[in-house]
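Numbering (the numbering used here), first residue to last: 6 to 260. From the three backbone atoms N, C-alpha and C, an ideal C-beta is built for every residue, glycine too. The block underneath contains the structure these notes are about, expressed in structure tokens.
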């Protein structure tokens, strides 16, 4: 159902079962899959690609050009997966030539007033709070929880199953399974509540804890800590993920 008070460009592709409310604006070169609900006053601009079963609340703007002065009108996209809840006044910008696309995965909750900048990659199952801002090329891995009014610096990487406390300014990478809070933002232990809720066994949580105990040893180089982890902690995909995350970090991990 498309409201007669909505504008849908004749070249836009709209899937079956979509509900498009009054005062929505759907631009050309837009593809919207099946069973999406766009409440009133949702704007979907050039280059947007939307999957199935999403709900967009009033004032959401998808696919606006990047807030990057280097952008010269390249053909880029803003992509949203399936079954997301996009609350009021959320903005998701298109990509730039750097990566070509901004991506929000599936089954995420993006709360009121948050911003997803150009070339950001948000995984699946994430919860991102009111007024949080993700700067350009930030990566948020699956099942991360970022509280309200968090500022995430350009190029930062937020690991899976992370919990970032409200009101923090995050200028370094936050490694997986951890909590980050305080000012300046710092490592606050494991996200134990989140890990238990997600079905992590006590034995696995203990190994993750030992990994971070070794990683955050005082007076040792990061490479020494990684080598000690490899030698003393039983390897699993979760432990290898931590090692790979830390090794690949360009901005460094939080202290």
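Tell me which residue opens and which closes the alpha helix (DSSP H) that residue i is part of.
i, result
"residue 11", "From DSSP, residue 11 is part of no alpha helix (DSSP H); its letter is neither H nor E."
So what's residue i in DSSP terms, helix, strand or just coil?
i, result
"residue 247", "helix"
"residue 253", "helix"
If I follow the unbroken beta strand (DSSP E) through residue i, where does it start and stop?
i, result
"residue 81", "Segment: none, residue 81 is in no beta strand (DSSP E) and carries neither H nor E."
"residue 184", "183 to 186"
"residue 98", "96 to 98"
"residue 125", "First-last for residue 125: undefined, no H or E at that position."
"residue 69", "66 to 69"
Excluding five sequence neighbours on each side, which residues of the same chain lie with their C-beta closer than 6 Å to the C-beta of residue i?
i, result
"residue 143", "125, 157 and 161"
"residue 89", "59 and 113"
"residue 155", "137, 169 and 173"
"residue 132", "114 and 150"
"residue 67", "49, 53, 83 and 97"
"residue 234", "216 and 219"
"residue 86", "56, 110 and 111"
"residue 91", "61, 65 and 115"
"residue 95", "65, 115 and 119"
"residue 104", "124"
For the ligand ZN, is there any heavy atom lying closer than 6 Å to the beta carbon of residue i?
i, result
"residue 156", "Among the ligands in the structure shown, none appear at all, so the ligand ZN cannot be discussed."
Tell me the DSSP bridge mates of residue i?
i, result
"residue 308", "Shown here, the chain extends from 6 to 260; a query on residue 308 therefore has no answer."
"residue 51", "DSSP lists no partner for residue 51."
"residue 30", "12 and 48"
"residue 4", "The structure shown has nothing for residue 4, since the chain only spans 6 to 260."
"residue 138", "120 and 156"
"residue 106", "82"
"residue 24", "42"
"residue 169", "151 and 185"
"residue 115", "91 and 133"
"residue 36", "18 and 54"
"residue 178", "258"
Going by beta carbon distance, what residues of the same chain come within less than 8 Å of residue i, once the five residues before and after it are set aside?
i, result
"residue 39", "20, 21, 22, 23, 57 and 58"
"residue 101", "71, 73, 75, 76, 79, 81, 123, 124 and 141"
"residue 6", "23, 24 and 25"
"residue 12", "29, 30 and 31"
Spatial neighbours of residue i within its chain, please: C-beta separation below 7 Å, excluding the five flanking residues on both sides.
i, result
"residue 190", "173, 174, 175 and 259"
"residue 247", "180, 181 and 216"
"residue 46", "28, 29, 63 and 64"
"residue 228", "none"
"residue 152", "134, 169, 170 and 171"
Check: Hey, which unbroken runs of the beta strand (DSSP E) at 3 residues or more fall wholly within the stretch 190 to 237?
Finding: As far as the stretch 190 to 237 is concerned, its whole beta strand (DSSP E) runs of at least 3 residues are 191 to 195.
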